[in-house]
Every structure is written in C-alpha cells, then in structure tokens.
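Heads up: the sequence lines are chains A and B, in that order. Just so it is clear: in the first sequence, position 86 is 86 by the working numbering, and no numbers are missing. Position in the second sequence (first residue = 1) + 1000 = the working numbering. Built from N, CA and C at the ideal position, the CB exists for glycine as well. In what follows, a single structure is set out as structure tokens and then discussed.
Number of protein chains: 2
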Amino acid sequence: MKDERGILFILSGPSGVGKGTVRKSLFEKDPALEYSISVTTREPREGERNGIDYFFKKREEVQKMIEADELIEYAEYVGNYYGTPKEYVEKTLDEGKDVFLEIEVQGAMKVRENFPEGVFIFLFPPSLEVLKNRIINRGTETEDLVLNRLKEAQKEIDMMDAYDYVVVNDEVEKAVARIQSIVVSEHCKRERVAKQYQKALGSERI
Amino acid sequence: MKDERGILFILSGPSGVGKGTVRKSLFEKDPALEYSISVTTREPREGERNGIDYFFKKREEVQKMIEADELIEYAEYVGNYYGTPKEYVEKTLDEGKDVFLEIEVQGAMKVRENFPEGVFIFLFPPSLEVLKNRIINRGTETEDLVLNRLKEAQKEIDMMDAYDYVVVNDEVEKAVARIQSIVVSEHCKRERVAKQYQKALGSERI
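In structure tokens, the structure reads:
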C-alpha cells in the first residue's frame, strides 16, 4: 500500500452532455487512471463492448448485486439500472491509484453519500441548444424520449450545486485538459499531502 | 468589469526553496497572469531590476506606505521590509484578471487575514539538504546568515498548514506545470462559476 491513498473522481453531468466521449479521450491521454466500469441493464449501443464500456447484465443479476450490497451506487434511469461495483473501487484506492467513475447524476448523488471525500466534477453543456442537438443526433431515441431526456437534463443541471467542479464541454480536448488539471491540482491539496511531506523531512530536522 | 472576478494566487514557501525561479518560469509560460511586484528595502541582487523584479525603496518610503495603509501585507525579514501594494491588486482582480504574489511566509500569513478567498500555494523543498545547498550556492550570504535562514526555513515549513496547496519544487518545469494546473482547476471550482453558468442557461429553460 502506498503512503497516499488514491483519489476517487466522479465525472457526471446531464444526459447528452458528452460524458462518455470526454471519458474515453481522457483515458487515451492518461493511461495511469483506473476506470471503474459500470454495470447496466440497458442494451449495448453500436460499438460498445461488454467488460470494456459497461458490464451488460440482466435485470435479475443487477438486483442480486443490489441486495448483496455489492454496488457503491445504482440508479434506475429511463427504465434501466446503472451501478458501480464496490470491491474494485476500494481495492484500487488502497493501492494508491486514482479511480474515475463516469456516471449519471442520480448515481453521483449516492456516491457523494458513501464517499464524501470523492472529487465531483460536473460536465456542463455550452448551451441547452447544443445539448438538445446532441441527444437528437445520437439517433437512438424517439421524439418522446428526446423531450423526456431534455427535461431530465434540466433537472440534473439544477443539481450542480452538489459538485466540487464544473467543466464546460465546449470542446472535448479542452474539457479533457481541464479535468487533467483538476487531477493534478487535487494531488497538491495540502490536506492530502502535508502529513507525508512533514514525515519525509522529520528525520532531517536541524 | 467581467462577470468573474480574478483570483489572487499567493506563491510562498521557505527561504531558498526557489520561489523567484519558479515565478519567472511561470510568467514566461503564461503571459496572461498579472504579477504583483513587491516593494522591498533590501539591496538588489545581481541582475535584479527596479520596477520589474521589485520596487527597491528606502526604509522611510516603505514606512510611509505602511502608515498610509497602502500595503496588503508587509513583513520585516532578515532586517528588510517586503510589502505588496494594495491598489494594484484590487484593480486587477476587479478587471477579471488573476494576480500572482510571490512573497515570504510571514507576508502570506497577513494576506490570508485580508484575502481569505485567495489561493495559497506552498512551495516545498525536495529535502532540507537541497534547501541548504541552494541557500549556500546563492553565494550572497555569510555562514551565520545561512544558518539563520535555515532555521527560519524550518519554522516556515511548520506553517504549511495554513496553505491550500503544497507543490514540491523538485524540478522547476514540474513545479510550474503543477501551479498551472492549480490555476486552471481553481477556475473550474463550482462555487466560483455556478452562478454565471446558471445565468447563461436561464433564458433557455424548456
């Protein structure tokens, strides 16, 4: 176990803001980050792979994990379960590695209850118009679902106050650079590092 | 006046840790930062220019500024005054620009009283041995002064707890990159930006 425990970063934000795209780009740039893969009961979208993008599970399987308290958080969203496996997160943090969760706003609020020491990043759309177009262009939703998702998104934006940071997703590259800065900066926070620095100098006192 | 007020960053740390070198490198990389030049009564070192590195002033002049409450902070350190002109800092923050102060630990503690919303960064030596060598190699101090400065440095390190961030100055480039990350990250803090984002979306509600 390293001296410094890893930091749990939670990337969240309204539906359609581009969480998945930002997360993928972040992990391409920073292979040292550990990504916590969620379980979900929703159908895989084109190109999504089981065990890489999500663990795609049946409804009964996820319900069993919930009953056994094996998820840090779970949420039902537009009729499907999304959840985060607890064991993997704890083990990785204990090894001194940072863990990144990319989850829906409902789920992030539950992580906040269980991991108040986590760092909560809210991905923000440049405008509601952009958000609407992104949801429509995804092309996987009916018109009713688009309106539904937009109303959800508006509610989710109102939950921004529970987050530590707000990052605008105007351009993926810029959003990723801001998140990388937050990761570096959090590792320089005095309350995280002061003890180990003072210990390192302790044997050298004049 | 811009929507977002500028942020006051305070770079401090023990004598000999390399504050001046890190600050110069930071400003070469990031010309958008405004550097607040300090007044001092100490003699210029080789290469230091009046009005650029410091405002070099006579003891009586600085005492007059203190009496007129024209300094955010001032400190007497190894027999000399160091101080930060108040007017420049307030004006620049109001224009929405960030201000960077590079000051001694005593001075930083006074800024903390006047500007609790400032972001306080403590530059940390990789080891006391390195700190000692840096003070000696500066070649401007007698042996007594070196020991004096080292003892001061030890006391100053004990004041780290009053800071927001601790940045190790193992290599100038790395320290500068960490400070740049802190600047970006602080601008993403939810409590700073939430209001303006919600305002921007306000007219678009569904």
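For A/Asn50, there is no enclosing beta strand (DSSP E), as DSSP marks it with neither H nor E. The beta carbon of B/Met1160 falls within 9 Å of a beta carbon belonging to chain A, placing the residue at that interface.
In this structure A/Asn80 is in contact with A/Arg42, their Cβ atoms being roughly 4 Å apart against a cut-off of 8 Å. Residue contact with chain B for A/Asp164: present (Cβ-Cβ distance below 9 Å to some residue of chain B). B/Ala1175 counts as buried, since no fewer than 16 other beta carbons sit within 10 angstroms of its beta carbon.
Beta-bridge partners of A/Thr40 (DSSP): A/Phe56, A/Tyr82. Closer than 7 Å at the C-beta level to chain A, one finds these residues of the segment 1179 to 1199 of chain B: Ser1181, Ile1182, Val1184, Ser1185, Cys1188, Lys1189, Arg1190, Val1193, Ala1194, Tyr1197. An exposed status is given to A/Thr142, since fewer than 16 other beta-carbon atoms sit within 10 Å of its beta-carbon.
Identification of residues in the segment 84 to 105 of chain A having a C-beta nearer than 9 Å to some C-beta of chain B yields an empty set.
At a beta-carbon threshold of 7 Å, the residues of chain B lying near A/Val167 are Cys1188, ordered along the chain. For B/Ala1032, same chain residues with a beta-carbon under 8 Å away, outside a window of 5 residues either side, are Lys1097, Asp1098 in chain order.
Taking the C-beta atoms as reference points, B/Ser1038 is found nearer than 9 Å to B/Leu1101.
Pairing A/Pro126 with A/Asp161 gives a Cβ-Cβ distance that is not under 9 Å. A/Phe9 does not reach chain B, its nearest Cβ partner there being about 12 Å away, counting only Cβ pairs nearer than 9 Å. Below the 7 Å Cβ cutoff, chain A contributes Tyr197 as neighbours of B/Phe1124, in chain order. With a threshold of 16 other beta carbon atoms within 10 Å, B/Ile1052 falls short and is exposed.
The three-state reading of DSSP puts B/Tyr1088 in helix, counting H, G and I together.
Of the candidates A/Glu4, A/Gly18, A/Lys58, A/Gly18 places its Cα closest to the Cα of A/Ala153. When beta bridges are read from the DSSP output, A/Leu123 appears opposite A/Val167.
Taking C-beta atoms as the reference points, B/Arg1178 and A/Val184 count as a pair closer than 9 Å. The alpha-carbon of B/Glu1076 is positioned some 23 Å away from that of B/Asn1137. Taking CB atoms only, A/Ile136 has no neighbour in chain B less than 9 Å away.
DSSP places A/Ala75 inside the beta strand (DSSP E), whose first and last residues are 71 to 77. Taking C-alpha positions only, A/Glu60 is separated from A/Glu104 by approximately 21 Å. In this chain, the beta strand (DSSP E) harbouring B/Ser1012 covers 1008 to 1012.
The beta carbon of A/Phe9 sits closer than 6 Å to the beta carbons of Phe100, Val119 from its chain, once the five residues preceding and following it are set aside; these are given in chain order. Interface residue (Cβ-Cβ distance to chain B less than 9 Å): A/Ala177 is classified as such.
For A/Leu33, the secondary structure class from DSSP, reduced to helix, strand or coil, is coil. Interface residue (Cβ-Cβ distance to chain A less than 9 Å): B/Ile1121 is classified as such. With distances taken between CA atoms, B/Val1078 lies nearest to B/Lys1151 out of B/Thr1021, B/Lys1064, B/Lys1151, B/Val1172. Each of B/Asn1133, B/Gly1006, B/Lys1110 was checked against the Cα of B/Ser1012, and the nearest Cα belongs to B/Lys1110.
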